[in-house]
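The sequence shown begins at 8 in this note's numbering and counts up one residue at a time.
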Amino acid sequence: MKKTQIILDVELDENHIPEKMTWNAQDGGIQAQETKAAMISVWDDKTMEALRIDLWTKEMPVDQMKMFLHQMLISLSNTYKTATGEEDVAQWMEEMAEEFAVKSAIKM
8 MKKTQIILDV
18 ELDENHIPEK
28 MTWNAQDGGI
38 QAQETKAAMI
48 SVWDDKTMEA
58 LRIDLWTKEM
68 PVDQMKMFLH
78 QMLISLSNTY
88 KTATGEEDVA
98 QWMEEMAEEF
108 AVKSAIKM
């Protein structure tokens, strides 16, 4: 069985706030690529809950965070549709993402 790794390196300041983040995914051809935000979720099937790590650097602009979150919402809609086949719920999620875009002033 083949194994692979996705690595996220985080440099913290003296207050444990992320200053710099890079990630590697050899199978994807990503090597020490800098990023300003990362959201990682895993499913714990024993406790039946999502475990999450949300990180962003001090330098992440608010307007880019809004765009990042909007794109994550769209991605969740697509993942939901693929995983469940429930197109109506996925469409509702996408509409909610578009409403978020309008309310957060990233789309008019």
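We put the beta carbon where it would ideally sit given N, CA and C, even for glycine. Note that the coordinates shown come from a computational prediction; the quantities given were computed from them, not determined experimentally.
Return helix, strand or coil for residue 16, following the three-state DSSP convention.
Here the question's residue 16 lines up with position 9 in the sequence shown. Taken through DSSP and simplified to helix, strand or coil, residue 16 comes out as strand.
Please return the same chain residues whose Cβ sits closer than 7 Å to the Cβ of residue 66, not counting the five positions on each side in sequence.
For this step, residue 66 is matched to residue 59 along the sequence shown. Here the set comprises 43.
Residues sharing a beta bridge with residue 48, DSSP
Your numbering for residue 48 matches position 41 in the sequence shown. Residue 48 is bridged to 59.
Return yes when the Cβ of residue 101 is within less than 8 Å of the Cβ of residue 81, no when it is not.
Counting from one through the sequence shown, the residue named residue 81 turns up at place 74. Counting from one through the sequence shown, the residue named residue 101 turns up at place 94. A contact, by the Cβ cut-off of 8 Å.
Is the beta carbon of residue 111 less than 8 Å from the beta carbon of residue 73?
Translated into positions along the sequence shown, residue 111 becomes position 104. Translated into positions along the sequence shown, residue 73 becomes position 66. For the pair residue 111 and residue 73, the CB atoms are nearer than the 8 Å cut-off.
Under 8 Å between C-beta atoms of residue 64 and residue 27
One-based indexing of the sequence shown puts residue 64 at position 57. One-based indexing of the sequence shown puts residue 27 at position 20. Yes, the Cβ-Cβ distance between residue 64 and residue 27 is below 8 Å.
Span of the alpha helix (DSSP H) holding residue 27?
Here residue 27 refers to the residue found at position 20 when the sequence shown is read from its first residue. First-last for residue 27: 25 to 32, but that is the beta strand (DSSP E), not the alpha helix (DSSP H).
Go ahead and pull the three-state DSSP assignment for residue 64.
For the purposes of this step, residue 64 is identified with residue 57 of the sequence shown, where counting begins at 1. In the three-state reduction of the DSSP assignment, residue 64 falls in the coil class, being assigned neither a helical nor a strand state.
One question on the structure: do residue 19 and residue 30 come within less than 8 Å of each other, judged by their Cβ atoms?
Here residue 19 refers to the residue found at position 12 when the sequence shown is read from its first residue. Here residue 30 refers to the residue found at position 23 when the sequence shown is read from its first residue. The answer is no: Cβ separation not under 8 Å.
Out of curiosity, what's the CA-to-CA distance linking residue 89 and residue 21?
Counting from 1 along the sequence shown, the entry for residue 89 is found at position 82. Counting from 1 along the sequence shown, the entry for residue 21 is found at position 14. The straight-line gap from Cα to Cα measures roughly 42 Å.
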